[in-house]
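Asker: After the C-alpha cells below, expect a handful of questions from me.
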Amino acid sequence: MNRPYNFSAGPAAMPEEVLTEAAAEMLDWHGSGMSVMEMSHRGKEFGQIAQEAEADLRELLAVPSHFKLLFMQGGGLAENAIVPLNLSRGETADFVVTGSWSQKSAQEATRFCTAHVAANTQPSGYTTLAEPATWQLSTNPAYVHICSNETINGVEFQALPDLKALGCEAPLVVDFSSHVASRPVDWTRVGLAFGGAQKNLGPAGLTLVVVREDLLDRALPICPSAFNYKTVADNASMFNTPPTYSIYIAGLVFKWLKRQGGMAAMEARNIAKAQLLYDAIDGSSLYINRVEKHCRSRMNVPFYLRDESLNDAFLVGAREHGLLQLKGHKSVGGMRASIYNALPIEGVQTLVSYMHEFETQHA
Ligand SMILES: *Cc1c(COP(=O)(O)O)cnc(C)c1O
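Read left to right, the sequence shown gives residues 40 to 402 (the numbering used here).
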C-alpha cells in the first residue's frame, strides 16, 4: 500500500513497520489468544510488554539508573499541573517562556505556586531563544521549567541549559513532548523531563515522565495519588491501570528505533531532513520561516507563504501530491511541516519538490 506522507504535529505519523506489526498481532499477541488491549495490566503477558518497553526506552535514551521512568496519563497539559503539585512545595518556580507551550506551563503553575517568568521571548514573536546567561532566575526556585522544543513556534534548544553554571542549584524541568527520542539527552542537566507520546513515541494516551529519584518525595498534600510521582514509581507505573495499548505500541516504536541505529542515527537523519526543508524555504522567494537559524526546530517547521491568498491552493495541491496535514496551528496560521522520526526523508524530498513546483506555477 502506498500511503501518503503525514506531516501532522500530533497525533502524528507512525513508522509503517510498527503499524504492520500491530495489525498482525491484533487478534492474538504471541499465541496468548488475546489482543494486547484485552490483557490484564497485571498479567504476565502485559508485564513482559511493559518491562521491555521500559528497558528499551532506558537504553535508547541512555537514562541513568538514578532516574525513574514513569508511564502516566494526562498528556503534556496535565503535567503542567502535575509537576508543580509534585515539585513546587507551593513556593516559587521559574519559567523560561519561549513559545505557546512554555507560556501555558507558566500560566497553569500559578494555581499551585508562584510562577516567576525568568525570560520571555514573546516580544520577538517567539522567533528566538534568550541566552541562559540573560535569564532573571529567582533566588532559590523550586525548579526551572523550559520547553525544549516549541511545537507551535518551531523553536528548539540545541543544548539544554546548565543551571549549575548559572549559579542555580534547582532542578531543570523539561517539556520535551515534541522532540523526545529525536536526539540524545544530556541527563546531567535534567531533574525531570516529560512528554506526551503522540508526537514522537506512539499513540496518544501515554505520557512519559523521567524523574531523578531525589525529587520523588516533594509532593504537596493535595496532589492526587494517581499523579504523585512517588506513588507511581513505587507501583512501577501500575498504581492505576496504565494506557496499556499505547504502551505496547510505543514499545514497538522503541524496538523500531533500536533497529534504525538508536539516537545517534536518528539525530543524523533528523538533521538531514530539517536541513533539506529549511534550505528549500530559505532559497525561495515564496516561502518564509521567521525563526532565527540557531534555534530552528528539527521537528516542527512552521512556514508562511508570502502571498497568503495562496494558502488554500497550496494545501489542496499538497493533498493531491500525497502530503497531508500541513496546515499551521490556528494560533499562528500559515503552514507547519512536522517531520518527526517516523517521517522518512523521502517525505521531505516530496514536500520540497512540491513546494518548488507550486512556487514556479505561481511566480
Ligand atoms: C502537544 C504538546 C503538549 C500538550 O500535550 P497534550 O497531550 O495535548 O496535553 C505540551 N507540550 C508540548 C511541547 C507539546 O508539543
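Just so it is clear, CB atoms sit at the ideal spot from N, CA and C, and this is done for glycine as well.
#1: For Asp256, does the three-state DSSP call read helix, strand or coil?
#2: Would you check if the distance between the CB atom of Pro171 and the CB atom of Leu205 is smaller than 7 Å?
#3: For Asn45, does the three-state DSSP call read helix, strand or coil?
#4: Helix, strand or coil: how does DSSP classify Asp133 here?
#5: How long is the line joining the alpha carbons of Trp295 and Gly301, rounded to whole angstroms?
#6: Flag this pair as yes or no: are the beta carbons of Trp140 and Cys186 separated by less than 7 Å?
#7: With distances taken Cα to Cα, identify the nearest neighbour of Asn339 among Ala376, Glu56, Val271.
#8: Quick check: does the Cβ of Thr137 come within less than 6 Å of any heavy atom belonging to ligand 1?
#9: Ser221 to Arg150, Cα distance in whole Å?
#10: Let me check understanding here. Comparing Cα to Cα, which of Ile191, Val213, Phe110 lies closest to Asp201?
#11: Would the beta-carbon of Gly137 fall within 7 Å of that of Thr160?
#12: Per DSSP, Asp273 forms a beta bridge with which residues?
#13: Of all the options Val122, Gly322, Ile88, which has the alpha carbon lying nearest to the alpha carbon of Lys269?
#14: Quick one: what does DSSP say His333 is sitting in, helix, strand or coil?
#15: With a threshold of 6 Å (Cβ to nearest heavy atom), would Thr178 be considered close to ligand 1?
#16: Return the bridge partner residues of Ser392 from the DSSP annotation.
Answerer: Straight from the coordinates:
#1: As a position in the sequence shown, residue 256 is number 217, starting the count at 1. In the structure shown, Asp256 sits in coil (DSSP, three-state: anything other than H, G, I, E or B).
#2: For the purposes of this step, residue 171 is taken as the residue at position 132 of the sequence shown. For the purposes of this step, residue 205 is taken as the residue at position 166 of the sequence shown. Yes, the pair counts as a contact, with Cβ atoms nearer than the cut-off.
#3: Here residue 45 refers to the residue found at position 6 of the sequence shown. Of the three classes helix, strand and coil, the one that applies to Asn45 here is strand, per DSSP.
#4: Counted from its first residue, the sequence shown places residue 133 at position 94. It is a strand residue.
#5: Your numbering for residue 295 matches position 256 in the sequence shown. Your numbering for residue 301 matches position 262 in the sequence shown. Near 9 Å, if we compare the C-alpha coordinates of Gly301 and Trp295.
#6: Residue 140 sits at position 101 when you count from the first residue of the sequence shown. Residue 186 sits at position 147 when you count from the first residue of the sequence shown. Result yes, Cβ atoms of Trp140 and Cys186 sit closer than 7 Å.
#7: Looking up residue 339 in the sequence shown gives position 300. Nearest C-alpha to Asn339: Ala376.
#8: Counted from its first residue, the sequence shown places residue 137 at position 98. Every heavy atom of ligand 1 is 6 Å or more from the Cβ of Thr137, so no.
#9: Residue mapping note: residue 221 aligns to position 182 of the sequence shown, counting from 1. Residue mapping note: residue 150 aligns to position 111 of the sequence shown, counting from 1. Rounded to whole angstroms, the separation of the alpha carbons of Arg150 and Ser221 is 32 Å.
#10: Within the sequence shown, numbered from 1, the residue matching residue 201 stands at position 162. It is Val213 whose Cα lies nearest to the Cα of Asp201.
#11: Stepping through the sequence shown from its first residue, residue 137 is reached at position 98. Stepping through the sequence shown from its first residue, residue 160 is reached at position 121. Position check: residue 137 holds Thr in this sequence, whereas Gly was assumed. Contact flag set, yes.
#12: Within the sequence shown, numbered from 1, the residue matching residue 273 stands at position 234. Beta-bridge pairing links Asp273 to no other residue.
#13: Within the sequence shown, numbered from 1, the residue matching residue 269 stands at position 230. For the residues Val122, Gly322, Ile88, the minimum Cα distance to Lys269 belongs to Val122.
#14: The residue given as residue 333 occupies position 294 in the sequence shown. Helix, per DSSP.
#15: In the sequence shown, the residue the question calls residue 178 occupies position 139. The answer is no for Thr178.
#16: Taking the sequence shown and counting its residues from 1, the one referred to as residue 392 is at position 353. None, per the DSSP bridge assignment.
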